[in-house]
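*Asks:*
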Amino acid sequence: AAAERVGALNADRPDAPVQETRRRAADWAETRPEWGLAGNAGFIVGPRALTAHLNLDGRCFLHSYDWRTDEDGTALENIMTGPVVVGEWINMQYYFSTIDNGVYGSGSKVTHNVVGKIGVVQGNGGDLMSGLPLQSLRADDVRVQHRPLRLFTVIQAPVGRVEAILDRQDTLAQLLDHEWIALAVMDPEQDDRFLRYQPGGTWAETGSGEEAPPQMTAAAA
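Per my numbering, the sequence shown starts with residue 620, numbered consecutively.
Structural data, given as structure tokens:
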């Protein structure tokens with residue numbers, strides 16, 4: 620991971636990515652030691668073999684899951700109500716800090732003063748700010764490192780199992796119905812057909828207006 624990202628950091632030692640990443644992380648004068656989870660856009664729940672051959676460019680959260688070993692769906696329910704929701708929190712923090720940094724972010728970290736471990740202010744005054752600084756979102760004053768996209772989640776599991784979980788978990792269903800999370804199910808009981816969740820609890824097969832990811836489909840075949 621360090622080797623992949625160090626090339627975009629304008630690093631002093633791109634030939635030694637791990638050492639360079641550690642140096643930058645410990646350098647208090649470095650305003651962009653790393654970009655953390657900048658660029659996050661997706662969450663994939665399924666076997667690692669599903670995406671092992673793909674270059675996801677560090678933009679997707681991955682959670683290993685095999686639907687065949689989870690007969691009652693308990694493991695999937697824990698994943699959907701735990702890690703997927705946390706991924707949405709992270710995604711929203713980056714999303715809002717990017718679209719309006721002055722309101723939801725915290726400006727430049729160069730002039731931050733920490734206040735009570737709950738936020739920062741700019742310089743010696745101003746409003747309390749609790750979002751992400753510009754340096755966590757931008758490569759420089761012009762180039763954007765994080766593109767504000769709502770989290771797209773892909774789950775390989777029978778669609779009926781996912782529906783049953785959403786029926787029990789109203790908070791999760793609300794995130795989907797209000798389109799804070801987009802969800803597509805890759806149903807192994809229907810030849811890995813992709814079905815996309817629609818607000819209100821219906822499903823639309825991908826293909827009419829949008830295509831299923833061909834690389835992922837090929838890997839599952």
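Note that CB positions come from ideal geometry on N, CA and C, so glycine has one too.
Computed from a predicted model, the values in this text were never measured in an experiment.
Strictly by DSSP, which residues pair up with residue 738?
*Replies:* Answer is 734.
*Asks:* Could you check if residue 671 is buried or exposed, using at least 16 other CB atoms within 10 Å of its CB as the buried criterion?
*Replies:* Classification for residue 671: exposed.
*Asks:* Does any CB atom of chain D fall closer than 8 Å to the CB of residue 720?
*Replies:* Any reference to chain D falls outside this structure, which holds one protein chain only.
*Asks:* I'd like the list of long-range same chain contacts for residue 828, defined as Cβ closer than 6 Å, with 5 residues on each side in sequence excluded.
*Replies:* Confidence in residue 828 is poor, its pLDDT being 40 and thus under 50, which makes the residue's placement too unreliable to answer from.
*Asks:* At a cut of 8 Å, does the stretch 680-695 reach the stretch 660-667 through at least three beta carbon pairs?
*Replies:* Yes, since at least three Cβ pairs between the stretch 680-695 and the stretch 660-667 fall closer than 8 Å, the two stretches touch.
*Asks:* What separation, rounded to the nearest whole angstrom, lies between the Cα atoms of residue 783 and residue 710?
*Replies:* About 25 Å.
*Asks:* Take residue 768 and list the residues in its own chain whose beta-carbon comes closer than 7 Å to its own, dropping the five residues that flank it on each side.
*Replies:* Excluding positions up to five away in sequence, the list reads 660.
*Asks:* Compare the Cα-Cα distances from residue 691 to each of 747, 675, 777, 766 and report the closest residue.
*Replies:* Taking only the C-alpha atoms, the option nearest residue 691 is 777.
*Asks:* Taking C-alpha atoms, which residue in 806, 745, 700 lies nearest to residue 733?
*Replies:* Considering only alpha carbons, the answer is 745.
*Asks:* Between which residues of its own chain and residue 697 is the CB-CB distance below 7 Å, once the five residues before and five after are set aside?
*Replies:* The answer is none, since no qualifying residue turns up.
*Asks:* Using only the alpha-carbon positions, how far apart do residue 649 and residue 700 sit?
*Replies:* Between residue 649 and residue 700, the C-alpha separation is close to 36 Å.
*Asks:* Hey, how far is the Cα of residue 760 from the Cα of residue 673?
*Replies:* Roughly 31 Å separates the two Cα atoms.
*Asks:* Whose CA, out of 731, 750, 749, lies closest to the CA of residue 743?
*Replies:* It is 731.
*Asks:* Relative to the alpha-carbon of residue 809, which residue among 694, 775, 727, 758 has its alpha-carbon at the smallest distance?
*Replies:* Here the closest residue by C-alpha is 775.
*Asks:* List in chain order: all unbroken alpha helix (DSSP H) runs of 4+ residues lying wholly within the stretch 789-821.
*Replies:* Entirely contained in the stretch 789-821, the alpha helix (DSSP H) runs reaching 4 residues are, in chain order, 789-796.
*Asks:* Give the DSSP-derived three-state secondary structure of residue 779 in the structure shown.
*Replies:* Reduced to three states, the DSSP call for residue 779 is helix.
*Asks:* Give the secondary structure of residue 706 by DSSP, where H, G and I count as helix, E and B as strand, and everything else as coil.
*Replies:* DSSP places residue 706 in helix when its eight states are reduced to three.
*Asks:* Taking only runs that begin and end inside the stretch 669-713, name each unbroken alpha helix (DSSP H) of 4 or more residues, in chain order.
*Replies:* Entirely contained in the stretch 669-713, the alpha helix (DSSP H) runs reaching 4 residues are, in chain order, 693-700.
*Asks:* Please classify residue 786 as buried or exposed, where buried requires at least 16 other C-beta atoms within 10 Å of its C-beta.
*Replies:* Exposed, since its Cβ has fewer than 16 Cβ neighbours within 10 Å.
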